[in-house]
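Structure record follows, encoded as structure tokens.
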Amino acid sequence: MLAYIIRRLLLMIPTLFGIMVLNFAIVQFAPGGPVERIMAQLEGHDVGATARIAGTAAGEVGQAADSRYRGSRGIRDELLKQLEQEYGFDRPAHERFGLMIWNYLRLDFGESFYSNRTVIELIREKLPVSISLGLWTTLLVYLISIPLGIKKAVRDGSRFDFWTSAVVIVGNAVPSFLFAVLLVILFAGGSFLDWFPLRGLVSENWHELSWPLRIVDYFWHITLPVLAMVIGGFAGLTMLTKNSFLEEINKQYVMTARAKGLTERRVLYGHVFRNAMLIVIAGFPAAFVGILFTGSLLIEIIFSLDGLGLLGYEAVINRDYPVVFGTLFIFTLIGLVLNLIGDLMYVLIDPRIDFERREA
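So this note's numbering is basically just the index in the sequence shown, starting at one, shifted up by 8.
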């Protein structure tokens, strides 16, 4: 197993490199950029998130024949060169990419173009919000979905299975951000009740509160965002668990165990559970990464939570390339490590699985 882990860790290096090359190349062909944005602002235009807006703003300013940037007419060449040098665009693309990789090897992810802070500082500041949303959502989703999926499999075709399937279908069809809007309308001062706050992870006077009140205040703020994400995320895992258990229940070894006189509980949790949970565990890394870095984006916007999802979104909007590439690198690395952990959990649950023998 140690040799397998080492091979997987070494394989992460070309994987990370390939992803960075691909995304760096895409950015080179994407319209707009920090220099174009600054020039458009100097000309009194507001550059938006889309290329169409950026192109319109720049087009109104005009285009210099000897410049890569569409908004350069009317701006002194000295200022244009100064901006290009400040943002590092005075170098060829391959040199900029090589310098970026060299800095990443030293764990130097650069500074934001607009906040004068390092990427690591920004991620460290936003991380508690996303970690809170991701961990509580993942924990509740698994605590709800796995028991519910097992019970649906055991009582397949019953009235309980029918009514819970209706709830699962609704949860699967309606995205989490719509549930978030509904919760805001019902419980956060939208149109009915005003029970929960709508901004931040804690209150402004959180540091002045006692520890019991701090805990209460924290859960008071996070209840609606987590509830919205759980409602939108438990459906898929519930059906995955049910179908996995149904497939195992109908296999020959289960009928043999029952014929030997084992109780239904012993058959279900002593034999079926280990095999049926393999596919559920396999999806854990992807589920956690999705919840932590992408699924919470709109939730963070709706509830004014300043987390990693909002950071990445604003970085793309503002063409803040150090933040875009730095967060992408870190998120990809976390995803690869979680995939490796998922494989190791396979072996913990079912020791019969031997990845080294399969690769041989």
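Note that CB positions come from ideal geometry on N, CA and C, so glycine has one too.
With 16 other Cβ atoms within 10 Å as the buried cut-off, status of residue i
{"i": "proline 183", "result": "exposed"}
{"i": "threonine 246", "result": "buried"}
{"i": "glycine 79", "result": "In this predicted model, glycine 79 has a pLDDT of only 44, less than 50, meaning its place in the structure is not dependable; the value taken from the coordinates is given anyway. Burial call: buried."}
{"i": "isoleucine 131", "result": "buried"}
{"i": "tryptophan 144", "result": "buried"}
{"i": "glutamate 139", "result": "Going by the sequence as given, residue 139 is isoleucine instead of glutamate. Burial call: exposed."}
{"i": "proline 100", "result": "exposed"}
{"i": "proline 22", "result": "exposed"}
{"i": "lysine 134", "result": "buried"}
{"i": "serine 166", "result": "exposed"}
{"i": "isoleucine 127", "result": "Position check: residue 127 holds valine in this sequence, whereas isoleucine was assumed. Buried, by the Cβ-count rule."}
{"i": "glycine 269", "result": "exposed"}
{"i": "glycine 26", "result": "exposed"}
{"i": "alanine 323", "result": "buried"}
{"i": "proline 233", "result": "buried"}
{"i": "leucine 30", "result": "exposed"}
{"i": "leucine 318", "result": "buried"}
Beta carbon of residue i nearer than 8 Å to that of residue j
{"i": "glycine 244", "j": "asparagine 180", "result": "yes"}
{"i": "phenylalanine 117", "j": "proline 330", "result": "yes"}
{"i": "glycine 320", "j": "threonine 335", "result": "yes"}
{"i": "alanine 236", "j": "isoleucine 309", "result": "no"}
{"i": "phenylalanine 204", "j": "threonine 231", "result": "yes"}
{"i": "glycine 278", "j": "leucine 141", "result": "no"}
{"i": "valine 210", "j": "aspartate 225", "result": "yes"}
{"i": "methionine 353", "j": "isoleucine 289", "result": "yes"}
{"i": "lysine 250", "j": "lysine 160", "result": "yes"}
{"i": "leucine 344", "j": "methionine 20", "result": "yes"}
{"i": "phenylalanine 281", "j": "threonine 146", "result": "no"}
{"i": "arginine 222", "j": "tryptophan 228", "result": "no"}
Straight-line Cα distance separating residue j from residue i
{"i": "aspartate 351", "j": "valine 149", "result": "21 Å"}
{"i": "phenylalanine 253", "j": "arginine 327", "result": "47 Å"}
{"i": "valine 55", "j": "serine 120", "result": "Reliability fails at valine 55, whose pLDDT of 47 lies under 50, so the model's placement of it is uncertain and no value is given."}
{"i": "isoleucine 109", "j": "histidine 102", "result": "11 Å"}
{"i": "leucine 313", "j": "leucine 24", "result": "29 Å"}
{"i": "phenylalanine 97", "j": "proline 155", "result": "55 Å"}
{"i": "isoleucine 158", "j": "valine 178", "result": "19 Å"}
{"i": "glutamate 129", "j": "leucine 194", "result": "36 Å"}
{"i": "leucine 107", "j": "leucine 305", "result": "30 Å"}
{"i": "isoleucine 14", "j": "glutamine 36", "result": "34 Å"}
{"i": "alanine 5", "j": "leucine 191", "result": "With the chain running from 9 to 368 in the structure shown, residue 5 is simply not present."}
{"i": "leucine 18", "j": "isoleucine 34", "result": "26 Å"}
{"i": "leucine 276", "j": "serine 218", "result": "46 Å"}
{"i": "isoleucine 325", "j": "asparagine 111", "result": "24 Å"}
{"i": "isoleucine 342", "j": "isoleucine 349", "result": "10 Å"}
{"i": "lysine 89", "j": "aspartate 202", "result": "54 Å"}
{"i": "threonine 58", "j": "valine 332", "result": "Since pLDDT at threonine 58 reaches only 37, below the 50 mark, its modelled position is unreliable, and the value read off the structure follows with that caveat. Each residue's alpha carbon lies about 16 Å from the other."}
{"i": "leucine 356", "j": "tyrosine 12", "result": "15 Å"}
{"i": "valine 137", "j": "leucine 115", "result": "23 Å"}
Option nearest residue i by Cα separation, candidates the options
{"i": "valine 162", "options": "Leu30, Ser304, Ile307, Glu256", "result": "Glu256"}
{"i": "arginine 311", "options": "Val29, Ile342, Val189", "result": "Here residue 311 turns out to be phenylalanine, not arginine, going by the sequence shown. Closest option to phenylalanine 311, Cα to Cα, is Val189."}
{"i": "leucine 151", "options": "Ile342, Val297, Phe292, Ile325", "result": "Phe292"}
{"i": "valine 7", "options": "Leu217, Gly241, Met28, Tyr12", "result": "The question about residue 7 has no answer here: the residues shown for the chain are numbered 9 through 368."}
{"i": "alanine 284", "options": "Gly317, Leu248, Thr271", "result": "Leu248"}
{"i": "methionine 28", "options": "Leu113, Tyr12, Arg16", "result": "Leu113"}
{"i": "serine 153", "options": "Glu216, Pro220, Thr172, Arg104", "result": "Thr172"}
Proximity test, Cβ basis, 8 Å: residue i and chain B
{"i": "serine 218", "result": "Protein chain content of the structure displayed is limited to a single chain, and chain B is not contained in it."}
beta-carbon residue i near the ligand SAM non-hydrogen atom, thresh 7 Å
{"i": "tryptophan 110", "result": "As for the ligand SAM, it is missing from this structure, which has no ligand bound."}
Could you tell me whether the stretch 258-273 touches the stretch 186-198, where touching means 3 or more Cβ pairs closer than 8 Å?
No, they do not touch.
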